[in-house]
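Counting in the numbering used here, the sequence shown runs from 25 upward without gaps.
Below is one structure, written out as structure tokens; comments come after it.
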Amino acid sequence: MSQHQTTDITQAVLARLADDCDPRFRQIITAVVKHAHALAREVDLKPDEWMAAIQFLTRVGQTCDAKRQEFILLSDTLGLSMLVVQMEQERRSQAALADASASARPTEATVQGPFYWQGSPVLPLGSDIGEGMPGEPAWYSGRITDTHGKPIANCCLDVWSGDGEGIYDMQIGDGSEMRLRARFHTDEDGRYRFWSIKPYYYPVPSDGPVGDMLRAMGRHPNRPGHIHMMVYRDGYVPVTTHLFAHDSPYLDSDAVFGVRDSLIVEYQPHAPGTAPDGRRMDKPWHSAGYDFVLAEAAA
Ligand code: BEZ
Ligand code: FE
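What follows is the structure, given as structure tokens:
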């Protein structure tokens, strides 16, 4: 059939795929063509609407720079990042999930977000990374085990969060000074403990094209208060996750769909007094306890 006589342009595009192209690429590009064409047909897409979409994507690209990744934000706010995170965790934890002798499921993963900074300071257990920061002090503690309850010693807990006003270090000044982030290593019993602040809700950047999209959808840009954690040790499936404050607004409407019930943590309020590490607190503080579970990596 000559191209001029093509009645099904979708098949014509797919027929042009070279026989020797990478099989995974073939699978993905075939799905892209099929779904994109189906979308155009489903909504009876008009040329000016398609041009508006192209201009939107052009603006998304133009908004990206060394510090801002508007395409990831687009993926996050459309729930795609979270979907890919969930599928990856299910894939990597299959053996642990199928293990009838396991006593616990691996901690659920959630989106990494744009504020991870590799190489934060390694600090002793019990350190305070929230001192002098806006926000109410919070004592974090718990245990890291495998899916059979065995403690994982020397496991890295890489933590980062915004301050008590929802601002991350990378958003302050030229963004070159780290704060509210550190790496801790569990003790022999798999335990961790440190001081930080109780996190506060904050908006994802909404002054660009993704913000325009959210407004057109009638959505707010906020994320509920959370602290990020990356938990890893050789021999285990690493997990990138958050703990969400149980009493934060927006738990049921996170702008990036990252909330999981299993990650919502009660922040217990405490009056001034003596903290678990013996420290005298002269203002109110909180405590949040959470036990992480890592799946054993496949041999
Ligand atoms: C965050 O948690 O910091 C975040 C996640 C996704 C998009 C924007 C911010
Ligand atoms: Fe965050």
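Backbone N, C-alpha and C define an ideal beta-carbon position, used for all residues, glycine too.
Residues lining the ligand BEZ by the Cβ criterion, that is a Cβ closer than 6 Å to any of its heavy atoms, are Leu97, Asp100, Val135, Gly137, Pro138, Phe139, Val228, Arg247, Val280 in chain order.
Distance between Trp219 and Trp163, taken at the CA atoms: about 5 Å. The shortest CA-to-CA distance from His244 to any of Gln118, Ala60, Leu275 is the one to Leu275. Counting along the chain, the unbroken beta strand (DSSP E) around Thr264 starts and ends at 263–269.
Per DSSP, Leu97 lies in no beta strand (DSSP E) segment; the continuous alpha helix (DSSP H) that holds it begins and ends at 94–101. The three-state secondary structure of Ala299, taken from DSSP, is coil. The shortest C-alpha to C-alpha distance from Asp236 to any of Thr101, Pro47, Val56 is the one to Thr101.
In terms of CA proximity to Ala321, Pro262 leads the group Ala295, Pro262, Asp68. Selection Asp44, Gln86, Leu38 evaluated against Ala55 yields Leu38 as nearest (Cα-Cα). A check of alpha carbon separations from Arg303 across Ala319, Asp152, His270 identifies Asp152 as the nearest.
Taking C-beta separations shorter than 6 Å and ignoring five residues to either side along the sequence, the partners of Glu290 in its chain run His270, following chain order.
In the structure shown, the three-state DSSP call for Val283 is coil.
Here Glu94 is buried. Its C-beta has 16 or more other C-beta atoms within 10 Å. Shown here, Thr169 sits in a strand according to DSSP, grouped into three states. The Cβ atoms of Phe268 and Pro293 do not sit closer than 7 Å to each other.
For Gln292, there is no enclosing alpha helix (DSSP H); the enclosing beta strand (DSSP E) has its first and last residue at 292–294. Judged by DSSP secondary structure, Arg207 falls within the beta strand (DSSP E) whose first and last residues are 205–209.
Look at Leu318 here: in three-state DSSP terms it is strand. In the three-state scheme derived from DSSP, where H, G and I count as helix and E and B as strand, Asp193 is classed as helix. Judged by DSSP in its simplified three-state form, Val146 adopts strand. The Cβ-Cβ distance between Ser165 and Gly259 does not fall below 7 Å.
Shown here for Phe80: same chain residues with a beta carbon closer than 7 Å to its own, the five before and five after excluded, namely Pro233 in chain order.
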